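Accompanying notes for the structure given below.
Number of protein chains: 2
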Amino acid sequence: MTRLRMPVLQSDLNIMKVSIIVIGDELLLGQVVDTNSGDIARIISSANWQVSHVVTIGDNGEAIRKAVKTALEVSDLVITTGGLGPTKDDITKQVLMEFFGGELRFDDTVLENVKEVCRKRNIEPNELTRQQAMVPSSCEVIQNRVGTAPIMWFEKDGKVLVSLPGVPFEMNEMMRTEVFPRLLRRFGDDVNIEHRFLLIFNVIESEIAARLSCFEESLPPFIHLAYLPMQGYVTLRLDGWHADREFLNGVMDSKRKDIEREFGTNVIWNENRPLAEIALMLLRRNGLTVSTAESCSGGNVAHALTLIPGCSDCFAGGVISYSNEIKKNVLGVSEDSLELYGAVSLPVAEQMVEGVTKRVCHTECGISTTGIAGPGGATATKPVGTVCIAVKTPRRTLVDCYRFPGSRQRIIDRTTNVALIKLIRELKKLEREKKG
Amino acid sequence: MTRLRMPVLQSDLNIMKVSIIVIGDELLLGQVVDTNSGDIARIISSANWQVSHVVTIGDNGEAIRKAVKTALEVSDLVITTGGLGPTKDDITKQVLMEFFGGELRFDDTVLENVKEVCRKRNIEPNELTRQQAMVPSSCEVIQNRVGTAPIMWFEKDGKVLVSLPGVPFEMNEMMRTEVFPRLLRRFGDDVNIEHRFLLIFNVIESEIAARLSCFEESLPPFIHLAYLPMQGYVTLRLDGWHADREFLNGVMDSKRKDIEREFGTNVIWNENRPLAEIALMLLRRNGLTVSTAESCSGGNVAHALTLIPGCSDCFAGGVISYSNEIKKNVLGVSEDSLELYGAVSLPVAEQMVEGVTKRVCHTECGISTTGIAGPGGATATKPVGTVCIAVKTPRRTLVDCYRFPGSRQRIIDRTTNVALIKLIRELKKLEREKKG
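Those protein sequences? They're chains A and B, same order as listed. For the first sequence, the numbering used here gives the first residue as 6, with consecutive numbering after it. For the second sequence, the numbering used here gives the first residue as 6, with consecutive numbering after it.
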């Protein structure tokens, strides 16, 4: 029952509680995945607040009423997203007035803002967008610079409710730049919460847990260990909370070191960063460039790399060699190897990485993938999930064959992660050898 | 207040209510995005049940207790994910026994299953994985073929609670193949729910709403229209529910036709499918192949295409030409154009698509993207978000320049969607011209 320590202690320390209410029928139908609640949690994670629950409900008055009532009972701060917008009825505004009083009134500054946003988007405001300027008299309006739905800040009995639009980029932009800074000014900081992360490769969750059981027993009551299995690796997270930040940081760093010692070279990294960002950072600090030749991962390795700002320093580009013709003509894979071993084979993966780095992109490092992502394409000797990955660095070219379980999407994600992990490990070895 | 019609009517019709409880500290920290609740909603969407709310909570007993209590009060079926697994304490099992009675007992068949799963994964079961064979005596166990945490089915007073593991692929696989079929047998079908979709391009949400206001007024009380803004397009969804399925289908189809007439060629498609799947279907039925030359989208167009099973019929491959050298050497973009117009320009986009289709991949169709995804790389005349997209079909090569707002990720997603939409529109025109 040791896992109960964290919440018990946190309530002792009077940590501010946050509830998030996500409104939208489309979420309950599974048509759209809710990213808003996670984004809000990430944005406020630098403050010493705890998200105690997230509720997703449809666009209907009764559900919103119930959710707001519960949230105001258990939390100090309630953040809602969605249930606004030009094509929604004003159910959300009506329900919020039941709790915070006031009446709908026309707000000139909101209309001005709506007109300005429309002007930037090169569209004519119509009657529906004008309706958005009707806001409850009981709220303070925060102008939405990137959309037409105004942000509403309500306050009563020391509790705050902020209503944000549901469109993810509007919510994100305004939460980050306007709402969170105001919330920080409104609610002070008492207790410090710190997190430490370790990404572990090639050891499964239950083995990690077995090897860390004594370590876990020895943790002080203000530190908690969590396991997050990812595609191809496990993230370990240490959560700590204490009034003395300096003391806390010291203990957390030392505990992270204990885990690093236990798992040695199976530790991929000791921060919580995307694998692509870690790989690019290592490339940059060693003055190296990389290119990709992807068959079964279909561009996803390149996509992961190019999501990271500034990647063009180190990432030159690549080839998606879905057909054998491209493998031969562009990458220079030999006809013989394709016939003798098949497209999904170690020699072809190796020739792909040689081809993309030497013939096409002229980079020192490279990644290649060739495999069967399914559901079709399997043969007697090569079932769905068979994937060959080659990684080239100035050290050597490493080629391995895997058998990944699961769906097409899962095999593509796993291939992408394992390829990046292999590159990271090779680059770390290279650094160590340079130093040694 | 017309939006209130749907829930009111649904409760009149005694539609079965479903609550989903998602358990995991990592979700409240925003470290992992919850895809389980959306997946469950999609899987059960073929039944006439309504997901009335989704709650996300941490791994702690008090939160689980509260959430289960509320869910059992308001819903007929409660599905929980997470809060199990070898490294969690058995808090979830303990809390469920408070509601459904029983005591923990050792289950031989679960241990056999755990051993079998470990064997397939080539790992040794340890003491922690063995603990998973301790299950409440009050539940029926459904063996988890793809993981070690057993699935538990509880039933009391006509209500069912199913506890599923939190790992997305395990949850998905078992929900789809075992749990949902059992639930369908357990709960009958009375009322039919139908959905219709339309993907609309180049008309913003508020204009769509203004043009559909009379249409919305004329909808019968059992049909409801919802607006879902996506990156680069808007999805319209009609929800209908009625005891007579044939009648309902007739009315829904006719209402969808009304919207199609209103928006004409701005309708991208009249089903809810990924854009890449629509593009591949049109290519296939016209015997065409496609390749990609991506700069700013960095492989994401190819990734979207290769996520669709069977894409290799029509997708040959492509080039990620992040550096100018690759644009020149591989795609044959002229040095002069790069110097005169810059890499982000209409001539370069056009030469990229010509190069990838004629020199590299030998396909009839092609997509190219070149732009500034930011946050760096902007110039005085080309701000962040400037993107040139070329689409080639046997009809013609179409090249356009856009200015997309938002973050790097958003610009990449928008570029990907707009490129696919342009290809879909050109292929539809091609089909019409062939027929005409």
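The C-beta atom is built at its ideal place from N, Cα and C for all residues, glycine as well. Owing to the predicted nature of the structure, the values given are computational and were not obtained by experimental measurement.
Given a threshold of 16 other Cβ atoms within 10 Å of its Cβ, counted over all protein chains shown, does B:F252 qualify as buried or as exposed?
Exposed: under 16 other Cβ atoms inside 10 Å.
Applying a beta-carbon distance threshold of less than 9 Å, which residues of chain B neighbour A:R47?
Within chain B, the residues near A:R47 are L34, G35, Q36.
At the level of alpha carbons, what is the spacing between A:K433 and B:M157?
Straight-line Cα distance between these residues: approximately 44 Å.
Show which residues of chain A have a CB atom less than 7 Å away from the CB atom of B:A307.
Chain A residues near B:A307: G303, G304, I325.
Mapping the DSSP letters down to three states, classify A:K363 as helix, strand or coil.
It is helical.
For A:Q15, I'd like the list of residues in its chain whose CB is within less than 7 Å of its CB, leaving aside the five on either flank, ordered along the chain.
The pLDDT assigned to A:Q15 is 42, lower than 50, so where the model puts this residue is not dependable, and the model offers no usable value.
Identify whether B:I377 lies in helix, strand or coil by the three-state DSSP scheme.
Of the three classes helix, strand and coil, the one that applies to B:I377 here is coil, per DSSP.
Assign A:F320 to one of two classes, buried (16 or more other C-beta atoms within 10 Å of its C-beta) or exposed (fewer than that).
The residue is buried, with at least 16 neighbouring Cβ atoms inside 10 Å.
Quick one, which of B:I62, B:N53, B:D263 has its alpha-carbon nearest B:S42's?
B:S42 has its Cα closest to that of B:I62, out of B:I62, B:N53, B:D263.
Please classify A:T386: is it buried, with 16 or more other beta-carbons within 10 angstroms of its beta-carbon, or exposed?
The residue in question, A:T386, is exposed, as its Cβ has fewer than 16 Cβ neighbours within 10 Å.
How is B:P352 classed by DSSP in three states: helix, strand or coil?
Helix at B:P352.
Can you tell me which residues form a DSSP beta bridge with A:A231?
A:A231 pairs with A:R242.
Suppose contacts are defined by Cβ-Cβ distances below 8 Å. Is B:V396 in contact with B:I372 by that definition?
Yes, they are a contact pair.
Is it the case that the region 273-293 of chain B contacts the region 422-433 of chain B, given that we only count it when at least three CB pairs across the two stretches are under 8 Å?
Yes, the region 422-433 of chain B is in contact with the region 273-293 of chain B.
Compute the Euclidean distance between the alpha carbons of A:F105 and A:Q136, then round it to the nearest angstrom.
Their backbone Cα atoms lie some 21 Å apart in a straight line.
By how many angstroms is the C-alpha of A:F206 removed from the C-alpha of A:I426?
If I take the Cα positions, the gap works out to 8 Å.
Can you tell me the Cα-Cα spacing of A:E67 and B:T40, whole angstroms?
Rounded to the nearest angstrom, the two C-alpha atoms are 25 Å apart.
Between A:P186, A:K161, A:T153, which lies nearest to A:F174 when the distance is taken from Cα to Cα?
It is A:T153 whose Cα lies nearest to the Cα of A:F174.
I'd like the span of the alpha helix (DSSP H) that includes B:C123, first residue to last.
Per DSSP, B:C123 belongs to the alpha helix (DSSP H) from 113-125.
So is A:H247 in contact with chain B if we call contact Cβ pairs under 8 Å?
So, not an interface residue.
Can you list, in chain order, the residues of its chain with a C-beta nearer than 6 Å to that of A:E145? Leave out the 5 residues immediately preceding and following it.
Result list for A:E145: W158, in chain order.
Is the beta carbon of B:M357 less than 8 Å from the beta carbon of B:T375?
A contact, by the Cβ cut-off of 8 Å.
Going by DSSP, what residue range makes up the alpha helix (DSSP H) through A:Q263?
Residue identity check: residue 263 of chain A is Asp in the sequence provided, not Gln. Here the alpha helix (DSSP H) through A:D263 covers 250-268.
For A:C366, is the classification buried or exposed, using 16 other Cβ atoms within 10 angstroms of its Cβ as the cut-off for buried?
A:C366 is buried by the Cβ-count criterion.
Based on Cα-Cα distance, which residue from B:I49, B:T114, B:G107 lies nearest to B:V23?
The residue with the shortest Cα to Cα distance from B:V23 is B:I49.
Taking only beta-carbon positions, decide if B:R70 is within less than 8 Å of chain A.
So, not an interface residue.
Please state whether DSSP places A:R401 in a helix, a strand or coil.
Looking at A:R401 - three-state DSSP - the assignment turns out to be coil, as it is neither helix nor strand.
Which partner residues does A:H308 have in the DSSP bridge list?
Answer is none; A:H308 lacks a bridge partner.
On the DSSP letters alone, give me the boundaries of the beta strand (DSSP E) that A:S342 sits inside.
Looking at the DSSP string, A:S342 is not in any beta strand (DSSP E); the run it does join, the alpha helix (DSSP H), is 340-346.
When we look at the beta-carbon of A:V423 and count the other beta-carbons within 10 Å, is it buried (16 or more) or exposed?
Classification of A:V423: buried, given that the 10 Å Cβ count is 16 or more.
Any Cβ of chain A within less than 8 Å of the Cβ of B:D162?
With 8 Å as the cut-off, B:D162 does not count as an interface residue toward chain A.
Judging by CA-CA distance, which residue of B:N275, B:T270, B:D249, B:N271 is the nearest neighbour of B:K260?
If we check each option's Cα against that of B:K260, B:N275 comes out closest.
Would you mind sorting A:T240 into buried or exposed? The rule is 16 or more other CB atoms within 10 Å of its CB.
With 16 or more other Cβ atoms within 10 Å, it is buried.
A:K332 to A:S211, Cα distance in whole Å?
The alpha-carbon atoms of A:K332 and A:S211 are separated by roughly 40 Å.
Does the Cβ of A:L133 have 16 or more other Cβ atoms within 10 Å, making it buried, or fewer, making it exposed?
A:L133 comes out buried.
Give, in chain order, every residue of the region 376-389 of chain A whose Cβ lies closer than 9 Å to some Cβ of chain B.
Flagged, chain order: A378, G379, P380, G381, G382.
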